[in-house]
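Report on the structure given below.
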Amino acid sequence: MLFAAGGESTASLLGSAAWILATRPDIQQQERDNPQLLGAFVEETLRYEAPFRGHYRHVRNDTMLGGLDLPADSHLLLMWGAANRDPVQFDAPEEFRLDRRGGKGHISFGKGAHFCVGAALERLEAQIVLRLLLERTTVIEAADVGRWLPSMLVRRLENLELAVR
Numbered sequence: 103m104l105f106a107a108g109g110e111s112t113a114s115l116l117g118s119a120a121w122i123l124a125t126r127p128d129i130q131q132q133e134r135d136n137p138q139l140l141g142a143f144v145e146e147t148l149r150y151e152a153p154f155r156g157h158y159r160h161v162r163n164d165t166m167l168g169g170l171d172l173p174a175d176s177h178l179l180l181m182w183g184a185a186n187r188d189p190v191q192f193d194a195p196e197e198f199r200l201d202r203r204g205g206k207g208h209i210s211f212g213k214g215a216h217f218c219v220g221a222a223l224e225r226l227e228a229q230i231v232l233r234l235l236l237e238r239t240t241v242i243e244a245a246d247v248g249r250w251l252p253s254m255l256v257r258r259l260e261n262l263e264l265a266v267r
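Residue 103 is where the sequence shown starts when you use my numbering, and the numbers rise one by one after that.
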């Protein structure tokens, strides 16, 4: 399960991170000047462009959520991407900020009993790949940016071509 599930989310995270670096030279330069910010960059990328926009959940027992009665056998679509842009939770949620307080406050990996078992591995993989990308290049630019995949659940570009020096 870990292997099968981890491919899409890691690829989406790396694609979004590369897109941000390639299209935001200010952020790319901050990362080059301050490699210790890489962890914050990965967390903000997860918040800003969650690899999965949401997931379905099945209500087993009558319950209440946010003041709303949910009868047993209800089906929910929890939209993590929207929750990660909630202005009640995040100051200036539409801004990509490396200095965001509570960087791991996003719910891109779910929460509680449904927290992604591969979250630590995905973070590690992303940090290794992005660190090497930044160390082995001097410039990363977007050569061709595809459209966002038309999907209710997955958030990634259909293609991203980079020009690196």
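Just so it is clear, CB atoms sit at the ideal spot from N, CA and C, and this is done for glycine as well.
Which residue wins for smallest C-alpha separation from residue i, given the options the options?
i, options, result
"I122", "N261, L234, T147, D164", "T147"
"A120", "G220, P252, M254, A228", "A228"
"G204", "G212, V219, F192", "F192"
"H208", "E145, A215, S176", "E145"
"A184", "E243, L226, S210, N261", "S210"
"F215", "R249, R159, A152", "The displayed chain sequence assigns Ala, not Phe, to residue 215. Nearest option by C-alpha distance: R159."
"S176", "N163, E243, L262, R187", "N163"
"V266", "L178, T112, G212, T125", "T125"
"I242", "G117, A113, T165, E260", "G117"
"K213", "E110, P137, N186, T112", "N186"
"W269", "D246, L167, R149, L259", "In this structure the chain extends from 103 to 267, so residue 269 is not present and cannot be described."
"M254", "P189, K206, G156, D135", "G156"
Got a sec? Which residues, its chain only, sit under 8 Å from residue i by beta carbon, not counting five neighbours each side?
i, result
"I129", "I122, L123, F143, F198, L200"
"T239", "V266, R267"
"A245", "E263, L264, A265"
"M166", "L172"
So, under 8 Å CB-CB, residue i and residue j are touching, yes? Tell me the CB distance rounded to an integer number of Å.
i, j, result
"L140", "R233", "6 Å"
"L179", "V161", "With 8 Å as the limit, L179 and V161 do not qualify as a contact, their Cβ atoms being about 12 Å apart."
Determine the contact status of residue i and residue j, defining contact as a CB-CB distance below 8 Å.
i, j, result
"R257", "E151", "yes"
"P153", "L115", "yes"
Residue i bridges to which residues according to DSSP?
i, result
"G156", "M181"
"L255", "None, per the DSSP bridge assignment."
"W250", "L259"
"V266", "I242"
Indicate whether at least one CB of chain D lies closer than 8 Å to the CB of residue i.
i, result
"G204", "No chain D is part of this structure, which consists of one protein chain only."
Report all residues from its chain with a CB closer than 6 Å to the CB of residue i; omit the five preceding and five following residues, and keep chain order.
i, result
"A194", "none"
"T112", "E224, E227"
Given residue i, which residues of its chain have a CB within under 7 Å of its CB, disregarding the five upstream and five downstream residues?
i, result
"V247", "W121, L259, L262"
"R134", "L236"
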